[in-house]
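Trainee:
Residue numbers (this note's numbering), protein chains in the order written: chain A, 2 to 259; chain B, 1126 to 1901.
As structure tokens, this is what we get:
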């Protein structure tokens, strides 16, 4: 019995020594030694939205850079204030420029105070940067959401109506304004037609209005994509632009006051 | 002319000649349960058979006159039965063997069944005596933890119950309980199997080369048989704990009938009280079996439930408010609601001593509703662009299955047997992804799968050949698919050579969500009704031999040509407006070589396994069809399971694993992902990584070593408590995980400024758990 215990002890010691002498990390610490310095593709990263909401100047672009990991964590400034943002209406051939915000608190933002996008118009975007590839994108502004006349019904705890769907609108967000808060409904779409929507709310609340927003395909795709914060996880880049990253899209908005 | 010869040959094969067949069931004298792997030998010859998973055996071509059958099994007393053989087949309805207490030899961890006569196992199977689940506390009595110690199996994630078998995806594994498909056979919490270990009678995993009888999955078949009950007494096991209760009972249920019921209910009190998180994990299993003349009838029922509603809000009550200073609207949590159920009836009738008819009708369903959310906003008062994240996933998935299976097994002369079978599955799939709140969003699909098969098994001396053809289809596609299956084993002296070849089709697929849910616990099924099925061609070659009477080894090589695969991801499913947009069709390859040595040396038992394997994938829409490493690719896989019977009452055990790291995706850069509030017309950002290439680095190797200790109590408080409660046995067990800090399994690498990447491992520290249970 004693001899057996001795043999087992020696086997354990040999095993431990073998393991520790192998080229193993001694703690779950530094990254894999053979990590390749992977090629980083520089480019602009933008978010641009054309808002057909009957308010001039509400559309904007935010332009910044994609960076190497080290620069992101060590506090680099990503905003690009030197880019030129050109928008062309392919229907009218009109071109307009968006200018960088004058307030440094809004670095990276580009505005045009007179611009009001037109529903069903197609726009082409070109953003040129001094050191990064020229970014291109396009969008078609959806039709304004329309409630079927005579379908709106408001009771003490319910608001219902019929929405005229449009095939150029890929997602609808509908907000019922109850004064201090909104109730939201959201649904995807790929057709023309009629769709009934109902809201129910607690008694004693007074609905003051409705806001209906219709998104184009680009915004629908981008806003429903999920950023990954799980490290070392592959996720496909959801982008609606060429030669860069991010999203250029459009929405149409209808607001109704009760 | 050729057709006439073939027809004549088939008729000749079917005609019974002078030789007689002896068949029957072998059972335990005390409990009445059928015995698997009992040897039945014609005394004075080398001929015989071993009982199959239903305890059935058949010996062919027995000459007339007095013969003696020798029944033997390591756990039972030998039985010699004299039979007068005349000119008609003989059926022995119930041959009862008396149990015997085992010597203080090694625990029978590797089925000693069929050591004298090669049991007719499929070409590549991993069969383990369920006693291992109770002897090794490191396994926490979990079937999946046991299976993951097989050289053919690779885990997908230490926290996930899903597993890869020989380079195929987790969704290509089939799990059956008493022949009923269980679609999500794991609990959400703890990643344990939904099967109560006490209720398990047999575990068999077919990792390739399976007969034409098996279909619908390309990778593996896990067959779990539950216990049948006790014919003369009430027996059971009861295990209380601070978080719940687990127990099982088996008892006589009338004349020629037995029943078994097992259940577990676990609810973590600390979660409920401290975290305010309601939680429940439960599973129930029942079986009723009776024998009516020559027919065995079995009713099986199964139900499992998981519910957890976790939110970080309650945890934060224990921390000062400053912890979240700067964060607004911080939310983190998940809600999971899953259920699994199955109900079926099975019959097994001996129509003639050499004609067996089996049938089964069952309903099985799985419903999963998983929500994960993580969001916060850090208000940026300087630049007007808040930083935050609004991460939400919601996956609802249901599958309902009504299946009818039936087959006829005919044992002809010339050591040939046929099996003719039919299987019909009526399936309903319901899926909804994302967080659209419209009631009728999502999709529902119905489909019917049909299959019929013919399997021929021929034994010619030392050669055993199985030829089968399975025809299957999805009724929506009309077209029948042929699945030829061929396997052969040949004994050459002490060596057994095995070969197998087969085509495999699968008519459903599962979603890959592990990049969106941190850890994927469940399978999310969808139909391939509108697509061609998954298809693979598989080749296996291997040898088996003996190093000593109780020490075996096997070397197996395999190659899988995965000609049609599908990639169904959460992102594509959430964005898609129709199902056609969600699924990417591709292909892949996997190959490898496995070495396994198992058996007993004196008081030591267990196995040592090593596997070298590779796997790749190509999907046209993923990186333009570039060949990438398969997610579960681990070239080197070394596993050992050792048990040592110190005394009659004490068993020590050790589990050691050393495997290559997983291939992972290393990010090339970062950018801000925007989130947009259309009402405020304001932007927020979330930093996210850029990953242009998948699986481009390999993590460091993974290493783990756990030890266990199990002792049957003979005195002390535990023993006297059991005695007071009227129990027969009390058992204490202990597990020490990672006793020497050897554990290595980095989960993720995070970047720290001025340092670089640093890896985190959640199980780096040792832990000790203890267990107490009683049996009656």
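We put the CB at the ideal spot given by N, CA and C, even for glycine.
Note that the coordinates shown come from a computational prediction; the quantities given were computed from them, not determined experimentally.
Please tell me whether residue 1402 of chain B and residue 1436 of chain B are closer than 8 angstroms, where the distance is taken between their beta carbons.
Mentor: yes
Trainee: Please state if the CB of residue 1669 of chain B and the CB of residue 1621 of chain B are separated by a distance shorter than 8 angstroms.
Mentor: yes
Trainee: Kindly indicate which residue of B:1645, B:1578, B:1547 has the alpha-carbon position closest to the one of residue 1296 of chain B.
Mentor: When C-alpha distances from residue 1296 of chain B are compared across B:1645, B:1578, B:1547, the shortest belongs to B:1645.
Trainee: CA-CA distance, residue 1292 of chain B and residue 1470 of chain B?
Mentor: 34 angstroms
Trainee: Compile a chain-ordered list of the residues in the region 206–233 of chain A whose CB is closer than 9 angstroms to at least one CB of chain B.
Mentor: Of all residues in the region 206–233 of chain A, 212, 214, 216, 220, 221, 222, 223, 224, 225, 226, 227, 228, 229, 230, 231, 232, 233 have a Cβ within less than 9 angstroms of some Cβ in chain B.
Trainee: Would you call the CB atoms of residue 1752 of chain B and residue 1743 of chain B closer than 8 angstroms?
Mentor: yes
Trainee: Would you call the region 197–205 of chain A and the region 167–180 of chain A touching, i.e. three or more CB-CB distances under 8 angstroms?
Mentor: yes
Trainee: For residue 113 of chain A and residue 100 of chain A, which I take to be in contact (beta-carbon distance under 8 angstroms), what is that distance rounded to the nearest angstrom?
Mentor: 7 angstroms
Trainee: Which residues in chain B sit within 8 angstroms of residue 48 of chain A, going by Cβ to Cβ distance?
Mentor: 1799, 1801, 1808, listed in chain order.
Trainee: Taking all protein chains shown into account, do 16 or more other C-beta atoms lie within 10 angstroms of the C-beta of residue 1791 of chain B, making it buried, or fewer, making it exposed?
Mentor: buried
Trainee: Tell me the rounded alpha-carbon separation between residue 220 of chain A and residue 1747 of chain B.
Mentor: 22 angstroms
Trainee: Would the region 1345–1352 of chain B and the region 1621–1636 of chain B be scored as touching if the rule is three or more Cβ pairs under 8 angstroms?
Mentor: no
Trainee: Which chain E residues sit within Cβ distance under 7 angstroms of residue 65 of chain A?
Mentor: Reference to chain E is not applicable here, since the protein chains of this structure are A and B.
Trainee: Using a Cβ cut-off of 9 angstroms, which residues of the region 67–80 of chain A contact any Cβ in chain B, in chain order?
Mentor: Those would be 67, 68, 69, 70, 71, 72, 73, 74, 75, 76, 79, 80, in chain order.
Trainee: Per DSSP, which residues does residue 1184 of chain B bridge with? Please list them.
Mentor: B:1147
Trainee: Would you list the one or two residues that DSSP bridges to residue 1528 of chain B?
Mentor: B:1487, B:1550
Trainee: Among the residues of its own chain, which have a CB less than 6 angstroms from the CB of residue 1589 of chain B, if the five just before and after it don't count?
Mentor: Here residue 1589 of chain B has 1614 as same chain residues with Cβ atoms under 6 angstroms from its own Cβ, once five neighbours each way along the sequence are excluded.
Trainee: Below 8 angstroms on the Cβ atoms is my contact criterion, and I expect residue 1337 of chain B with residue 1610 of chain B to pass it. Report the Cβ-Cβ distance as a whole number of Å.
Mentor: 5 angstroms
Trainee: With distance defined between alpha-carbon atoms, name the residue in B:1194, B:1198, B:1574 nearest to residue 1171 of chain B.
Mentor: When each option's Cα is compared against that of residue 1171 of chain B, the closest is B:1194.
Trainee: Ordered along the chain, which non-local residues of its own chain (more than five positions away) have a Cβ less than 6 angstroms from that of residue 1637 of chain B?
Mentor: 1694
Trainee: Hey, out of B:1425, B:1717, B:1157, B:1677, whose CA is closest to residue 1726 of chain B's CA?
Mentor: B:1677
Trainee: Would residue 69 of chain A and residue 1884 of chain B qualify as a contact pair, given that the criterion is a beta-carbon distance under 8 angstroms?
Mentor: In this structure, residue 69 of chain A lies away from residue 1884 of chain B, with their beta-carbon atoms at least 8 angstroms apart.
Trainee: When DSSP builds the beta bridges, which residues end up paired with residue 1493 of chain B?
Mentor: DSSP output for residue 1493 of chain B lists B:1463, B:1522 as bridge partner(s).
Trainee: Mind checking residue 1674 of chain B: buried by the 16 CB within 10 Å criterion, or exposed?
Mentor: exposed
Trainee: Among B:1272, B:1898, B:1332, whose alpha-carbon lies nearest the alpha-carbon of residue 1318 of chain B?
Mentor: B:1272
Trainee: Classify residue 194 of chain A: buried if its beta carbon has 16 or more other beta carbons within 10 angstroms, exposed otherwise.
Mentor: exposed
Trainee: Taking only beta carbons into account, state which residues of the region 241–253 of chain A come closer than 8 angstroms to chain B, listed in chain order.
Mentor: 246, 247, 248, 252
Trainee: If residue 1679 of chain B sits next to residue 1715 of chain B, beta carbons under 8 angstroms apart, how far is it from one beta carbon to the other, in whole angstroms?
Mentor: Between residue 1715 of chain B and residue 1679 of chain B the Cβ distance is about 19 angstroms, and since that is not below 8 angstroms, they are no contact.
Trainee: Report the partner residues of residue 1477 of chain B according to the DSSP bridge assignment.
Mentor: B:1480
Trainee: Residues of chain B with a CB under 7 angstroms from the CB of residue 113 of chain A: which are they?
Mentor: Within chain B, no residue comes near residue 113 of chain A; the closest Cβ sits about 14 angstroms away, beyond 7 angstroms.
Trainee: Which residue marks the beginning of the beta strand (DSSP E) containing residue 53 of chain A, and which one marks its end?
Mentor: 45–53 is the extent of the beta strand (DSSP E) around residue 53 of chain A.
Trainee: Determine which residues share a DSSP beta bridge with residue 1932 of chain B and list them.
Mentor: In this structure chain B extends from 1126 to 1901, so residue 1932 of chain B is not present and cannot be described.
Trainee: Using the DSSP secondary-structure output, state which residues sit across from residue 1830 of chain B in a beta bridge.
Mentor: B:1781
Trainee: Is there a Cβ of chain A sitting closer than 8 angstroms to that of residue 1754 of chain B, yes or no?
Mentor: no
Trainee: Excluding five sequence neighbours on each side, which residues of the same chain lie with their C-beta closer than 6 angstroms to the C-beta of residue 1274 of chain B?
Mentor: 1764, 1766
Trainee: Would you identify the three-state DSSP class for residue 1359 of chain B, choosing helix, strand or coil?
Mentor: coil
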